[in-house]
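So the sequence lines, in the order shown, correspond to chains A and B.
Everything in the first sequence is counted per UniProt numbering, starting at 1 for the first residue and increasing by one.
Everything in the second sequence is counted per UniProt numbering, starting at 1 for the first residue and increasing by one.
C-beta atoms are modelled at their ideal positions from N, C-alpha and C, and glycine is treated no differently.
The block underneath contains the structure these notes are about, expressed in structure tokens.
There are 2 protein chains.
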Amino acid sequence: MALVNLDEQTDQPLSEKVALRIREMLIQGRFTPGEKLSEHQVAGQFGISRNTLREVFRLLTSQGLLTHIPNRGVFVVSPDESAVMDIYRVRWVIQKGAIQAASRGHPALARMTALTQQADAARSSNDWQQVGTVNMEFHRAMVSLCDSPRLSLCFDLVLAELRLVFGLLEYTGHLHEPYIELNTSLLQLIEAEKAAEAIDFLEAYLLKSERSVLAAMQRKKG
Amino acid sequence: MALVNLDEQTDQPLSEKVALRIREMLIQGRFTPGEKLSEHQVAGQFGISRNTLREVFRLLTSQGLLTHIPNRGVFVVSPDESAVMDIYRVRWVIQKGAIQAASRGHPALARMTALTQQADAARSSNDWQQVGTVNMEFHRAMVSLCDSPRLSLCFDLVLAELRLVFGLLEYTGHLHEPYIELNTSLLQLIEAEKAAEAIDFLEAYLLKSERSVLAAMQRKKG
DNA sequence: ATATTCCAGATTGTTCAACAATATAAATTT
DNA sequence: AAATTTATATTGTTGAACAATCTGGAATAT
Chain A
1 MALVNLDEQT
11 DQPLSEKVAL
21 RIREMLIQGR
31 FTPGEKLSEH
41 QVAGQFGISR
51 NTLREVFRLL
61 TSQGLLTHIP
71 NRGVFVVSPD
81 ESAVMDIYRV
91 RWVIQKGAIQ
101 AASRGHPALA
111 RMTALTQQAD
121 AARSSNDWQQ
131 VGTVNMEFHR
141 AMVSLCDSPR
151 LSLCFDLVLA
161 ELRLVFGLLE
171 YTGHLHEPYI
181 ELNTSLLQLI
191 EAEKAAEAID
201 FLEAYLLKSE
211 RSVLAAMQRK
221 KG
Chain B
1 MALVNLDEQT
11 DQPLSEKVAL
21 RIREMLIQGR
31 FTPGEKLSEH
41 QVAGQFGISR
51 NTLREVFRLL
61 TSQGLLTHIP
71 NRGVFVVSPD
81 ESAVMDIYRV
91 RWVIQKGAIQ
101 AASRGHPALA
111 RMTALTQQAD
121 AARSSNDWQQ
131 VGTVNMEFHR
141 AMVSLCDSPR
151 LSLCFDLVLA
161 ELRLVFGLLE
171 YTGHLHEPYI
181 ELNTSLLQLI
191 EAEKAAEAID
201 FLEAYLLKSE
211 RSVLAAMQRK
221 KG
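Below, the structure is given as structure tokens:
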């Protein structure tokens, strides 16, 4: 296994650079769910010491991307159906709160508008990877309506786990396409300050999304 | 500084035992906010190696109780007014969601009922420490109405940070006393499935609580 | 006296080698 | 085939070491 490149000449500590790198790999589905990550092997793979890697593992475990079992090692999380349902429960609570927290002229609204346009552009150029990224950013912006760093952090963790699930599904191509329009509609309801309608819309949105993810999971495994 | 006792003959890894121990100390206000925790000193204090302690620090940092500044060290978080306001924003969103998620006969409701009784008992015996603990448990039980492990975890983190704030305030004695009755009333509204009223009640509740914490903070510092 | 530069000491970041404790896999016995 | 033992590999933890960075004070210049 070739050595992983760790350039990115930022001066942040090595352990955090590696953590970011592995996090990206996890989200991109470059590991098998449930796969064991051996300290010796991974440390060699990234050219870092075992002690430093253990700090990395602690980081990623606290972000919910790895599972640590004492004396057994760390494993890539393998989110099952119940994990996905839980993730959508979190989204439901937090994003519902975001709608109710929305206030006219909030900077997050401008960002959401810009992101819907970026999504359109990405679709036009058939850049589905970008469509997915922009979609995530749209929802992150929506949560930032709450003006709560801690809530945003929590949401980011859950979203990362969901992206890991996406990474496990084959052909994620058009997975996010239908949501471009839904995002636009949702944004319009929020900007029109129709909170009740926006919440109903959100509920249907999340339900649809959850079901499509669950279906794809079951298609994959059986 | 005497060596800290680490008995508790559970077979969990040393680093997690120490993490739990320091976490407790942090919540009990045994450290000064903003205080720097030197690796060398703390490692000696707990009789563990520096490498192991660094894993502990990573753990506690990810729980929001310590702050890590690269090349500078780790510091005890010193929550300011804006942190407290943020914490209450999180509580508002999540606990509002919990009320809306409440369903008749949910096991969490029984637990909440039991906890209000325990609170009464603790008050009768003037055990204010216990009143505080039971109060926290009541709100944790309330969040478990969502049936979402991830949401509960997020709430636990925020609550731990809030307890750390309490630990910094002097004479926390009767701090929680007025909430015993409020909890009971809130529970009644939830069990009566009067969601809208319960939410209004919760809003007033959290506002009152937030204001009393902020007032105590400003009284302390000026 | 005030500000800036420079240096020495302390602290963090990281590695390595070692060993104890635990888990895993294989070989052996029942 | 099941249970037990043995051997091997992995994790948990330590201590020492060194480079990189920070801190505080001394020396210098303004």
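Chain-ordered chain A contacts of B/V158 [CB-CB under 8 Å]: R150
Stretch pair the segment 46–55 of chain A + the segment 175–185 of chain A: three plus CB contacts closer than 8 Å: no
Residue ranges of each alpha helix (DSSP H) within the segment 85–146 of chain A, 4 or longer: 107–124, 128–143
Test: A/A192 CB closer than 7 Å to a CB of chain B: no
Residues of the segment 73–96 of chain B with Cβ closer than 8 Å to any Cβ of chain A, in chain order: When CB distances to chain A are screened at a threshold of 8 Å, the residues of the segment 73–96 of chain B falling below it are D86, I87, R89, V90, W92, V93, I94, K96, in chain order.
Residue from A/L53, A/G44, A/E161, A/T32 with nearest C-alpha to A/K17: A/L53
CA-to-CA distance, A/S103 to residue 273 of chain A, given in whole angstroms: The shown model of chain A, from 1 to 222, leaves out residue 273 of chain A, and the question about it has no answer.
Members of the UniProt domain "HTH gntR-type" (12–79) of chain B near chain A, C-beta cut-off 7 Å: Q12, P13, N51, R54, E55, R58, L59, S62, P70
For A/M1, the three-state DSSP class (helix, strand or coil): With a pLDDT of 49 at A/M1, under the threshold of 50, the predicted position of this residue should be treated as unreliable, and no value is reported.
Assigned secondary structure, A/F201 (DSSP; H/G/I helix, E/B strand, else coil): helix
Closest residue to B/Q129 among B/A215, B/F75, B/F166 (Cα-Cα distance): It is B/F166 whose Cα lies nearest to the Cα of B/Q129.
Chain B contact residues for A/D200, given Cβ-Cβ distances below 8 Å: Residues of chain B passing the Cβ test: none, with the nearest at roughly 13 Å.
Segment contact, 8 Å Cβ cut-off, at least three pairs: the segment 70–86 of chain B with the segment 157–164 of chain B: yes
Backbone CA spacing between B/S15 and B/E55 [nearest angstrom]: 7 Å
Opposing strand residues paired with A/L37 [DSSP bridges]: A/V74
Sequence-distant residues of the same chain with beta carbon closer than 7 Å to B/T32, five excluded per side: V76
Residue(s) in a DSSP beta bridge with A/L66: A/V76
Check whether B/L26 and B/L59 have beta carbons under 7 Å apart: no
DSSP state of B/G44 mapped onto helix, strand, coil: Residue state for B/G44 is assigned as helix, using DSSP reduced to three classes.
Through-space distance from A/A101 to B/K221, alpha-carbon basis: If you take the alpha carbons of B/K221 and A/A101, they lie about 31 Å apart.
Exposed unless 16 or more other CB atoms sit within 10 angstroms - verdict on A/M1: For A/M1, the predicted structure reports a pLDDT of 49, less than 50, and the residue's modelled location is therefore unreliable. A value from the coordinates is still provided. If you draw a 10 Å sphere on the C-beta of A/M1, you find fewer than 16 other C-beta atoms in it, and that means exposed.
Beta-carbon gap between A/V143 and A/A98 smaller than 7 Å: yes
Option nearest residue 281 of chain B by Cα separation, candidates B/R211, B/E39, B/F138, B/K36: Nothing about residue 281 of chain B can be read from this structure; chain B reaches only from 1 to 222.
DSSP-derived helix/strand/coil call for A/L169: coil
Contact with chain A by B/M217, beta-carbon distance below 7 Å: no
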